[in-house]
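Single-structure report; data block below.
Chains as they are written, first to last, in my numbering: chain U, 17 to 129; chain F, 736 to 846.
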């Protein structure tokens, strides 16, 4: 199993550009989530999904879109990048059960200039 | 709303003990603990459920006080490998998939 994979690992964007961060998992997990990590702020939930076709907003959803057309993939779209979106982005997945363990991908480091 | 962790940072010598606290202003269903090494992804440590027991493995254990919406992570006889940033994540309902993390506690263990 590859686990949770994220691409790209690094990305530099100019303000106003759009892009999609890719996340895929091969463990047949129902839950998938996107977090951003900034110094001193911890991990903040952007969007999450409890299954294919179902998504919901987290703590900081503005400026980001998601969709979940398959169980395996959960892409995160930045519509018009802003410097405030400079961050490390983590995707995570888990089974649906009470004592679930989230598996995190390796992260994408995004810089917006 | 993010849970609040304390302390923000702690420095220990090998063999010393540490406690990291996590508190929420909202009623909680579960508390999750993760550890992140520098430059790596967070890794699951344990989960405590409402009505569940105190958990632990090896020298790391945790408790969950449902009435106070607080959890504590106990690291005993710390090792160099315990260094990293510890995050608590909280869930307000069962099987919501919505895990909200605190701001993290940085632990440094020195020889």
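Using N, Cα and C, we set each Cβ at its ideal position, and we do this for glycine too. Predicted, not measured: the structure shown is a model, and the values here were computed from it.
- Message: Which residues of the stretch 90 to 120 of chain U have a Cβ closer than 7 Å to any Cβ of chain F? Give them in chain order.
- Response: For the stretch 90 to 120 of chain U, the set of positions with a beta-carbon nearer than 7 Å to some beta-carbon of chain F reads 106, 112, 114, 115, 117, 118, 120 in chain order.
- Message: Mapping the DSSP letters down to three states, classify residue 100 of chain U as helix, strand or coil.
- Response: helix
- Task: Go ahead and label residue 82 of chain U buried or exposed: buried means 16 or more other beta carbons lie within 10 angstroms of its beta carbon, across all protein chains shown.
- Result: Under this definition residue 82 of chain U is a buried residue.
- Item | Neighbourhood of residue 748 of chain F by C-beta distance below 7 Å, restricted to the same chain and skipping five residues each side | Sequence-distant Cβ neighbours of residue 748 of chain F in its own chain, meaning closer than 7 Å and more than five residues away, are 845.
- In three-state terms, what does DSSP make of residue 49 of chain U? Reduced to three states, the DSSP call for residue 49 of chain U is strand.
- Query: Anyone know if the C-beta pair for residue 754 of chain F and residue 807 of chain F falls short of 9 Å?
  - Reply: With respect to the 9 Å criterion, residue 754 of chain F and residue 807 of chain F are classified as neighbours on the basis of their beta carbons.
- Item | Contacting residues, own chain, Cβ-Cβ under 6 Å from residue 836 of chain F (five flanking each side not counted) | 822, 824
- Could you give the residue range of the beta strand (DSSP E) that holds residue 778 of chain F? Its beta strand (DSSP E) spans residues 778 to 784.
- Taking residue 77 of chain U as the query, report the chain F residues whose CB atoms sit under 8 Å from its CB, ordered along the chain. Neighbours of residue 77 of chain U on chain F: none; closest Cβ ~12 Å, over 8 Å.
- Message: Just to check my reading of the structure: residue 35 of chain U and residue 107 of chain U have Cβ atoms closer than 8 Å, yes? What is that Cβ distance to the nearest angstrom?
- Response: Rounded to the nearest angstrom, the Cβ distance from residue 35 of chain U to residue 107 of chain U is 15 Å, too far for a contact under 8 Å.
- When the Cβ atoms of the stretch 758 to 768 of chain F are set against those of the stretch 804 to 820 of chain F, are three or more pairs found closer than 8 Å? yes
- How would you list, in chain order, the residues of chain U whose beta-carbon sits under 8 Å from the beta-carbon of residue 782 of chain F? 115, 116, 117
- Message: Does chain U have any CB closer than 9 Å to the CB of residue 773 of chain F?
- Response: No - not a single Cβ of chain U is within 9 Å of the one on residue 773 of chain F.
- Should residue 24 of chain U be labelled buried (16 or more other beta-carbon atoms within 10 Å of its own) or exposed? Counting the other Cβ atoms within 10 Å of the Cβ of residue 24 of chain U gives fewer than 16, which makes it exposed.
- Contact list for the stretch 56 to 80 of chain U against chain F, Cβ threshold 8 Å: 56, 57, 58, 59, 60, 61, 64, 65, 66, 72, 74, 75
- Message: My parser needs the alpha helix (DSSP H) runs of 4 or more residues fully inside the stretch 35 to 93 of chain U; what are they?
- Response: none
- Task: Could you tell me which chain F residues have their CB closer than 7 Å to the CB of residue 122 of chain U, listed as they occur along the chain?
- Result: 776
- For residue 49 of chain U, which residues in chain F fall below 9 Å Cβ to Cβ? 832, 833, 834
- Task: Find out if the Cβ-Cβ distance for the pair residue 737 of chain F, residue 58 of chain U is shorter than 9 Å.
- Result: yes
- Message: Which residue wins for smallest C-alpha separation from residue 117 of chain U, given the options F/819, F/768, F/741?
- Response: Checked all of F/819, F/768, F/741; the closest Cα to residue 117 of chain U is F/768.
- For residue 815 of chain F, does the three-state DSSP call read helix, strand or coil? Three-state result, residue 815 of chain F: helix.
- Message: Measuring straight from C-alpha to C-alpha, what distance separates residue 819 of chain F and residue 770 of chain F?
- Response: 6 Å
- Query: Who pairs with residue 843 of chain F in a beta bridge, going by DSSP?
  - Reply: Note: residue 843 of chain F sits in a beta bridge opposite F/746.
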